[in-house]
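Trainee: Handing you a structure now.
Numbering (the working numbering), first residue to last: 675 to 831.
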């Protein structure tokens, strides 16, 4: 298994998110500095609101850049136990296979690789916490809200 290919697909997805965030930031900056947003009276806060939005979008751009750098620097380890950078396949009680990548960040992102939909999970998520340290054959049980989930670890790469 070549996890570096998977990492590259994740980075490409993150770069796409970055481009969208940069575009949104530029639009927010343009709106904040547009002559149409110049306050007409003391209660006109359109320019102020646009500047807050521009700041928020700039923070989002920085987070996207940090995510990309984190994945570029990620050391891909082979381990018999689930750890950060593990590619994990589990099976649920309905015999459905699910594919996960234990990432350092961006939990919830999904990518397609080798014809499989792979969800990124972090150790901060309930499932990620339950998965960390498990070995092939181990069962994972965890509860979110009032729903119980049960999986068996099929493979770890």
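Cβ coordinates follow ideal geometry from the N, Cα and C atoms, glycine included.
What three-state label does DSSP hand residue 690 in the structure shown?
Mentor: Helix at residue 690.
Trainee: Would you call the CB atoms of residue 794 and residue 805 closer than 9 Å?
Mentor: No. Outside cutoff.
Trainee: How far does the beta strand (DSSP E) with residue 710 in it reach, from first residue to last?
Mentor: Segment: none, residue 710 is in no beta strand (DSSP E) and carries neither H nor E.
Trainee: In terms of alpha-carbon separation, which member of 723, 772, 688 lies closest to residue 705?
Mentor: Per the Cα distances, 723.
Trainee: Let's test the definition: count the other Cβ atoms within 10 Å of the Cβ of residue 678 and tell me whether it reaches 16, buried, or not, exposed.
Mentor: Exposed is the call here.
Trainee: Nearest to residue 810 by alpha carbon, out of 775, 788, 754?
Mentor: Nearest C-alpha to residue 810: 754.
Trainee: Thinking just about the alpha-carbon of each residue, which of 750, 801, 779, 703 is nearest to the one in residue 819?
Mentor: When only C-alpha atoms are compared, the closest one is 801.
Trainee: Can you tell me whether DSSP reads residue 699 as helix, strand or coil?
Mentor: In this structure, residue 699 counts as helix in the three-state DSSP scheme.
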